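Here the protein sequences line up with chains G and L, keeping their order.
Per the working numbering, the first sequence starts with residue 174, numbered consecutively.
Per the working numbering, the second sequence starts with residue 174, numbered consecutively.
Number of protein chains: 2
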Amino acid sequence: MIPSSQFVPEPWAVRETALNLTDLAQSESLFALSNGHIGIRGNLDEGDPYGLPGTYLNSFFESRPLPYAEAGYGYPETGQTILNVTNGKLIRLLVDDEPFDMRYGEIVSHERVLDLREGVLRREVVWASPAGQRVRVRSTRLVSLTQRSIVGIHYEVEPVSAPARLVLQSELVANEHVPAQSGDPRVAAAVQNALQPQEHRGRGTRALLIHRTRSSRLRVAAAMEHVLDAGDDCRTELAVHQDWARLMIGQELQPGQKLSLTKIVAYGWSSQRSLPALRDQVEAALIAASRAGWQQLIEDQRTALRLFWEGADVEIDGDLAVQQAVRFALFHVFQASTRAEQRAIPAKGLTGPGYDGHAFWDTESFVLPVLTATAPHAAADALKWRATTLPLAVERAETLGLRGAAFPWRTIRGQETSGYWPAGTAAFHVNADVAVAAARHVRWTADAEFERDYGLPIYVETARLWSALGYTGRDGCFHIDGVTGPDEYSAIVDDNVYTNLMARENLLAAADAADRHPEAAEALDVEADEIHFWRRAAETMSVPYDEDERLLKQDKDFTDHDVWDFAATAAAGAYPLLLHFPYFDIYRRQVVKQADLVLALHWAGDQFTLEQKARAFAYYESLTVRDSSLSAATQAVVAAEVGQIDLASDYLAEAALIDLHDLQHNTRNGLHIASLAGTWLALVAGFGGMRDFDDRLSFHPQLPPGWDGMRFRVRWRGRLVQVGVSPHEVTYELIDEERTPVRVWDVDTALELEPGVPVTRPVHPVKALTARPRQPDGRAPLPAAELTARATS
Amino acid sequence: MIPSSQFVPEPWAVRETALNLTDLAQSESLFALSNGHIGIRGNLDEGDPYGLPGTYLNSFFESRPLPYAEAGYGYPETGQTILNVTNGKLIRLLVDDEPFDMRYGEIVSHERVLDLREGVLRREVVWASPAGQRVRVRSTRLVSLTQRSIVGIHYEVEPVSAPARLVLQSELVANEHVPAQSGDPRVAAAVQNALQPQEHRGRGTRALLIHRTRSSRLRVAAAMEHVLDAGDDCRTELAVHQDWARLMIGQELQPGQKLSLTKIVAYGWSSQRSLPALRDQVEAALIAASRAGWQQLIEDQRTALRLFWEGADVEIDGDLAVQQAVRFALFHVFQASTRAEQRAIPAKGLTGPGYDGHAFWDTESFVLPVLTATAPHAAADALKWRATTLPLAVERAETLGLRGAAFPWRTIRGQETSGYWPAGTAAFHVNADVAVAAARHVRWTADAEFERDYGLPIYVETARLWSALGYTGRDGCFHIDGVTGPDEYSAIVDDNVYTNLMARENLLAAADAADRHPEAAEALDVEADEIHFWRRAAETMSVPYDEDERLLKQDKDFTDHDVWDFAATAAAGAYPLLLHFPYFDIYRRQVVKQADLVLALHWAGDQFTLEQKARAFAYYESLTVRDSSLSAATQAVVAAEVGQIDLASDYLAEAALIDLHDLQHNTRNGLHIASLAGTWLALVAGFGGMRDFDDRLSFHPQLPPGWDGMRFRVRWRGRLVQVGVSPHEVTYELIDEERTPVRVWDVDTALELEPGVPVTRPVHPVKALTARPRQPDGRAPLPAAELTARATS
């Protein structure tokens, strides 16, 4: 059952007008604020009730031993788990001695608004205490996009009808109790009370707590400062203890009078810096933010977002639900990455503890294509993070007996922490995903320096990995055996097409970049023979194809296998499969968890004919159960390419609404950042038909039925290209202020775009070569109209 | 480096003439005594020094949680570990207040003899205490083959040169400290102090301790009784505590006077029986054994072994080292099984804690073929044990979403306890191994009742498993995908030949037996359609074959893969591979841990031509690294079949001497019972060329160069057939007392053997079709002559 959304669509906000206590954890994820460095879940200011309290710092984790029933060579021994750090967003309120708690008394009115242009979470509540005292609370919360270490909260309370004695308690709390996220008691044991107190101090309205993790030995400092707007009779009191600090503010107010508080919280952490250095760092951040003041923080926030939206917004005419969803999606993708600054972008961003806070290949394969086109600085930072982890990846490759670098399947800091190798170590495609994302970034930005300093080392070491992993078979083809592709319902297969074709791009990127940067390549010991080997391997890369059926095979043996019994599974309601069937049974049959061959159709689309794509898409649609959130967006892209526009719409809606509608029933643990990024891909690469093969930026736009228009912008080689699509026409326009022209392609026609000279062309809808593909029983996407209607009902 | 043996070959004993303190644990395994129900390691009577103390009861284990870094559906959650139970073999000695400890003082002479005809371990030591007091100690130890619960020790001590004050301390000790066998602290935690005291009592010279395991809730009782032969001035004192009981005997002796003690220890355990019932059981066993007395126990032991050797002995003329080794091997195979009585035969028997005391497929595939031919009652018991675990196997199959029964990959009591599914759950061949072992047992014994009551239910449920696991592909063949064969260096493959051909036999066994026992089959809900399906699946079973290369493929894709870099591995000394390379790397290349396709050449040899076997053997020899002890024997069998007689000799020697020479450096943890059984297979199926295809008992004898003769006996349909091979002739003879003839085959010629009328035929040595196959660098077996020479040097 798909729950309907509680959020009425509107273009620039997500608005909650009633507090749903049972879905609190979901709204905490949706209303999470972040800048990529700090993330705070949308917990209520007063702390209670909560679904899941959460304050995260990028790459701040606790480590724990990874246990195995049977040990194996090369198994990672240490896991990493994101930690809920010192909570600085707490502001409790007592009304005539009764704690403001929305489970008691009466909620007269409630509204929370995530403002996608302002970058703040606003709340306004009128609450009547059990004793009948009414107060209005307004709060505005931000995680600063311009001051990386800063969280700001503006909090205001006023009695509505009668004088009231009010007490505010603004707190820092370390080692909050967090509900267990795992059935494994060892995980819980590692995460509970992980912060060991090292220093606590306070004076006036300011307080500081410093802690260090037990096992990973990371030190975190959190400090708070307050600006109070209150009458003279206001009384304050500061208490500071090892695990908590509290500023109490007491005042009696008349109706119409307000008690207003600005709270600035600063965070800092380090694995290396000394305690005094860290203390100084957060106090400096506090001073800087306090000096700027609340209004300036708000304005800076708005400006940062305006700049983002100017280059990234997608406007949709005719579908408000998708309009809201894509902006919500882009907002969170931006939040997750803009100030990550050479740290990872986790699968959940910093919105929740899901997947232990780990980053996967999703970042490079789903998030970075969006950032490269809309916020290239963030993409560059994310790729630089991977580059900084190259020494760890080289070490890992050595452990595995390979050459080059093997990036981790899942990690927070760069070490492999995957405890199940068939779906971890064996999923070597992550290495090509990283390299290809870097190559794409270079293609889009034409940033030669980035290529030389960050791209090339990544390409070279990953190309070396592929050289070590693959071999030339008796058929003269280059084969890569025994690996796992994106589809986690197949594993340890030979010649996975996606892996092979991404490896091909990886090898070519290494060869090309080495040719372009001979000195840098030499410094990496790249020799002519090696480049020749890479090109030869790329040219002869095996792509399994069934000539009789004219069908691309996901891997060498895939289409030989027995087909999964979908009817029985549907009858038993046994989805997701991995919770109801053993791996061995899933692996040995034709069943696809998520786009894999279809993902190759998208990203290596130049390697196939349209007919091959259409046939393959139809075939794999019949096997794909979408037990992963990393699927619908890709299916939307390829559906659009092969002319299955209705189906593309359905998949777009599913990708876009995954969190707003909690389609996977786990938004509580954090947002699906890659699926949200996929919303943009479905729109721009799907309905926009955007591709970048052969260094050409090309489009093949076509609107879904019922839409009147779509307009999006991408940043191509520093230039802002706008594409406006209507049902029958498409208009390309350069909207920046440089004077040089830019070449883009409309389908197969090159257009030289001159600044200020829009070019309009007719749209060429793709004619479908097959009937609408069928999905496995019960696994067809909901019709987009039906899904989005739930949002408006 | 292969250590030379410390044991000089002799035909009927293994004799140690010097105590090697560093190899103590190895000799404890070699000198272990067992009857399949109780096993005691060859620890010195006085307990110290020890390598690894060990007293085991078949199927007595402690359970513990199996942890996983990442959980998966259907993973077993509880492990089982064999426990060192109450030690009853301890007899300490004080000589003038100095403890008799062979690390101190002087060992004047030392000898231990494992007597393979008497079934006892004898020891004679002359020791001078640090103070110079000399004593002679003689002990004889047995685990009764006729009284299942009984261990007996006869201990005698005398001063050699001067009067001595002697004290004997005969003990029962529970919860002995055992050196950790695993790097995993959780395993150690489960096993240390696992026995919780429940009752302790004693009177006179008798004492009893009852304990229960913490987690598996099994109760064990151990009791001891003593008969003393000493002078009147002897003084005794009994002390009984929760975890230990001790009878002290003090006496002053003159040279020539002896203090002599017979100690009888009785064991009993149960998961269900009450404490009083268990107490009564062991006390009854004590009384029965005491009443029989030491001499009777010794005589019964000799008789039991005489009966065994009459039907099982292999006599070799011309190779004393192999002669000794095969008798040592058969002795331990017999010990491990004869009184197991519907409990498992573990991979190590009851000789050590290796593999946690688990039983694997080795039992059915290596041990039972020997027992069926030499000690059929023990084979029947082992198969009945499997039959008793059918309900657990059916439950496991249900968990896995399959029909029929899925026997565990590793277990003590029948529950799956394998913590790594690619080499556990996926190794479904264990099911065919069980079924085929039962079918072979029926073929040999013609025991229709056994077939109906035990064989048929096993065949039917395992045939149902294969029906669920396999499918008919587009090529019309029956395929079994995603399984792991015997070669643990490949995993999750399609159409493993060994698995498929064993499944074929399994399916045919089910169909044939169901036809023969229609009522029993009906009771199992077998219908005509199902039988038809089984036959059809068997007939169309896929056997991957490369027509171009005329080569059998181990599995569908095996020969396509890159070949392992053996040269580099040899140079790095990186064997066994699994300790130096990750699974993914091992799985994706052509490298074979242990006979797999070659195992199919043996057991499904009727499915191939001799030429196919010769070509396949040569090919897989070049890839097989023998990182498993379950390989050399099979390579010997097939080498002999394809005329590679020298190579067969080398492999025979390796299989035979695996423990006597500690070839795998782990004999300390227990003997390799399956490899020991393989010694017999190498001799009888290898040089004897014995096969049983098509219900024919056939031979194709040929001796290795340098041997003058070999004579062995097998029990075929209740009759004792003797085969005597000389370099040029073979003589078949019926040596039992029945009057009916028996048909056997010499190569392709049927012989009707009449009682008392030997038939002599010329031998037909097989002409090799290929050159002597090469093994991977550094992995060729040592020449047999060189290996056996080490035993005599």
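Heads up, the beta-carbon is just placed ideally off N, CA and C, and yes, glycines get one too.
Just so we're clear, the structure is a prediction, and the values are computed from it rather than from any experiment.
Quick one: measure Cβ to Cβ for residue 424/G and residue 332/G, integer angstroms, because I've assumed they're closer than 8 Å. Working through the first sequence from its first residue, we reach residue 424/G at position 251. Working through the first sequence from its first residue, we reach residue 332/G at position 159. The Cβ separation is near 11 Å, so there is no contact.
What's the C-alpha gap between residue 992/G and residue 452/G? No information on residue 992/G is available, as it lies outside the stretch 174 to 966 that chain G covers here.
Less than 8 Å between the beta carbons of residue 310/G and residue 298/G, yes or no? To locate residue 310/G, count along the first sequence from 1; it is residue 137. To locate residue 298/G, count along the first sequence from 1; it is residue 125. The answer is yes: Cβ separation under 8 Å.
Under the three-state reduction of DSSP, which class applies to residue 174/G: helix, strand or coil? Stepping through the first sequence from its first residue, residue 174/G is reached at position 1. Residue placement at residue 174/G is flagged as unreliable, the pLDDT there being 32, under the threshold of 50; the coordinate-derived value follows with that caveat. Here residue 174/G sits in coil by DSSP.
Between 363/L, 564/L, 797/L and 785/L, which lies nearest to residue 759/L when the distance is taken from Cα to Cα? Start at 1 with the first residue of the second sequence, and residue 759/L comes out as number 586. Nearest option by C-alpha distance: 797/L.
Contact list for residue 598/G against chain L, beta-carbon separation under 9 Å: Against the first sequence, residue 598/G aligns to sequence position 425. In chain order: 755, 756 and 757.
For residue 665/L, decide whether its Cβ has a neighbour in chain G, counting only Cβ atoms nearer than 8 Å. Taking the second sequence and counting its residues from 1, one reaches residue 665/L at position 492. Answer yes: the Cβ-Cβ gap between residue 665/L and chain G drops below 8 Å somewhere.
Could you pull the start and end residues of the beta strand (DSSP E) that residue 408/L belongs to? As a working mapping, residue 408/L is identified with position 235 in the second sequence. Per DSSP, the unbroken beta strand (DSSP E) holding residue 408/L starts and ends at 408-413.
is_contact[residue 734/L, chain G] using C-beta, thresh 8 Å: Numbered from 1 along the second sequence, position 561 holds the residue referred to as residue 734/L. With a threshold of 8 Å between beta carbons, residue 734/L makes contact with chain G.
Of all Cβ atoms in chain G, is any one closer than 8 Å to the Cβ of residue 644/L? Walking along the second sequence from the start, residue 644/L turns up at place 471. Yes, its Cβ sits closer than 8 Å to a Cβ of chain G.
Mark residue 947/L as exposed unless 16 or more other C-beta atoms lie within 10 angstroms of its C-beta, in which case mark it buried. The residue you call residue 947/L lines up with position 774 of the second sequence. Classification of residue 947/L: exposed, given that the 10 Å Cβ count is below 16.
Using a Cβ cut-off of 8 Å (strictly closer), state whether residue 220/G contacts chain L. Within the first sequence, numbered from 1, the residue matching residue 220/G stands at position 47. With a threshold of 8 Å between beta carbons, residue 220/G makes no contact with chain L.
Do residue 597/L and residue 576/L have their CB atoms nearer than 8 Å? Here the question's residue 597/L lines up with position 424 in the second sequence. Here the question's residue 576/L lines up with position 403 in the second sequence. Judged by their CB atoms, residue 597/L and residue 576/L are not nearer to each other than the 8 Å cut-off.
Determine the extent of the beta strand (DSSP E) in which residue 341/L is found, giving its start and end residues. Stepping through the second sequence from its first residue, residue 341/L is reached at position 168. Run containing residue 341/L: 337-346, per the beta strand (DSSP E) assignment.
Near residue 444/G, what residues of its chain come up, given a Cβ to Cβ distance below 6 Å and the 5 sequence neighbours on each side ignored? As a working note, residue 444/G is residue 271 in the first sequence. Taking residue 444/G as the centre and dropping the five residues before and after it, the same chain places the C-beta of 391 closer than 6 Å to its C-beta, in chain order.
Counting C-beta neighbours from all protein chains within 10 Å, is the total for residue 366/G 16 or more, i.e. buried, or is it exposed? Numbered from 1 along the first sequence, position 193 holds the residue referred to as residue 366/G. By the neighbour-count rule (16 or more Cβ atoms within 10 Å), residue 366/G is not buried but exposed.
I'd like to know whether the C-beta of residue 949/G is nearer than 8 Å to at least one C-beta of chain L. Against the first sequence, residue 949/G aligns to sequence position 776. By this cut-off, residue 949/G is not an interface position.
Three-way DSSP call (helix, strand, coil) for residue 291/G in this model: Against the first sequence, residue 291/G aligns to sequence position 118. Three-state result, residue 291/G: coil.
Pull up the CB-CB distance for residue 690/G and residue 625/G, whole angstroms please, since I reckon it's below 8 Å. By 1-based counting over the first sequence, the position of residue 690/G is 517. By 1-based counting over the first sequence, the position of residue 625/G is 452. Residue 690/G to residue 625/G, Cβ: 5 Å. Contact.
Between residue 217/G and the ligand HEM, is the CB less than 7 Å from at least one heavy atom? This structure does not include the ligand HEM; it has no bound ligands of any sort.
For residue 410/G, count the other beta carbons within 10 Å of its own beta carbon; 16 or more makes it buried, fewer makes it exposed. Which is it? Translated into the one-based positions of the first sequence, residue 410/G becomes position 237. Exposed, because fewer than 16 other Cβ atoms sit within 10 Å of the Cβ of residue 410/G.
Among 603/L, 593/L and 498/L, whose alpha-carbon lies nearest the alpha-carbon of residue 239/L? By 1-based counting over the second sequence, the position of residue 239/L is 66. Looking at 603/L, 593/L and 498/L, the one whose alpha-carbon comes closest to that of residue 239/L is 593/L.
With a threshold of 8 Å between beta carbons, is residue 639/L in contact with chain G? The residue you call residue 639/L lines up with position 466 of the second sequence. With 8 Å as the cut-off, residue 639/L does not count as an interface residue toward chain G.
Per-residue burial, residue 199/L [other beta carbons within 10 Å of its own, 16 or more giving buried]: Indexing the second sequence from 1 puts residue 199/L at position 26. Classification of residue 199/L: buried, given that the 10 Å Cβ count is 16 or more.
Give me whichever residues DSSP pairs with residue 645/G in a beta bridge. As a working note, residue 645/G is residue 472 in the first sequence. For residue 645/G, which the question treats as bridged, DSSP gives the partners 651/G.
Taking C-alpha atoms, which residue in 919/L, 907/L and 841/L lies nearest to residue 875/L? What you label residue 875/L is simply residue 702 of the second sequence in a count that begins at 1. Per the Cα distances, 919/L.
Taking 8 Å as the cut-off, decide whether the C-beta atoms of residue 278/G and residue 512/G are in contact. Against the first sequence, residue 278/G aligns to sequence position 105. Against the first sequence, residue 512/G aligns to sequence position 339. Their beta carbons are not under 8 Å apart, which means residue 278/G does not touch residue 512/G by this criterion.
For residue 760/L and chain G, any beta-carbon pair shorter than 8 Å? On the second sequence, residue 760/L is found 587 positions in, with the first residue counted as 1. At a cut-off of 8 Å between beta-carbon atoms, residue 760/L makes contact with chain G.
Nearest to residue 745/L by CA position, among 853/L, 951/L and 412/L, is which residue? For the purposes of this step, residue 745/L is identified with residue 572 of the second sequence, where counting begins at 1. Checked all of 853/L, 951/L and 412/L; the closest Cα to residue 745/L is 951/L.
Kindly indicate which three-state DSSP category residue 526/G falls into: helix, strand or coil? Walking along the first sequence from the start, residue 526/G turns up at place 353. In the structure shown, residue 526/G sits in coil (DSSP, three-state: anything other than H, G, I, E or B).
Over the uninterrupted alpha helix (DSSP H) stretch that includes residue 786/L, give me the two end residues. On the second sequence, residue 786/L is found 613 positions in, with the first residue counted as 1. 783-794 is the extent of the alpha helix (DSSP H) around residue 786/L.
Chain G contact residues for residue 243/L, given Cβ-Cβ distances below 9 Å: Looking up residue 243/L in the second sequence gives position 70. Correct list: 239, 591, 592, 593, 596 and 597.
Where do the N-terminal and C-terminal ends of the beta strand (DSSP E) with residue 564/L fall, by residue? Position 391 of the second sequence, counted from the start, is the residue given in the question as residue 564/L. Taken as a continuous stretch (DSSP letters only), residue 564/L belongs to no beta strand (DSSP E), being part of the alpha helix (DSSP H) at 563-572.
Tell me where the alpha helix (DSSP H) around residue 824/L begins and ends. The residue you call residue 824/L lines up with position 651 of the second sequence. Residue 824/L -> alpha helix (DSSP H) spans 818-829.
DSSP three-state label for residue 892/L, please. In the second sequence, residue 892/L corresponds to position 719, counting from 1. Here residue 892/L carries a strand assignment [DSSP, helix/strand/coil].
Selected residue, minimal CA-CA separation from residue 803/G, among 780/G, 778/G, 818/G and 829/G: Taking the first sequence and counting its residues from 1, one reaches residue 803/G at position 630. It is 829/G whose Cα lies nearest to the Cα of residue 803/G.
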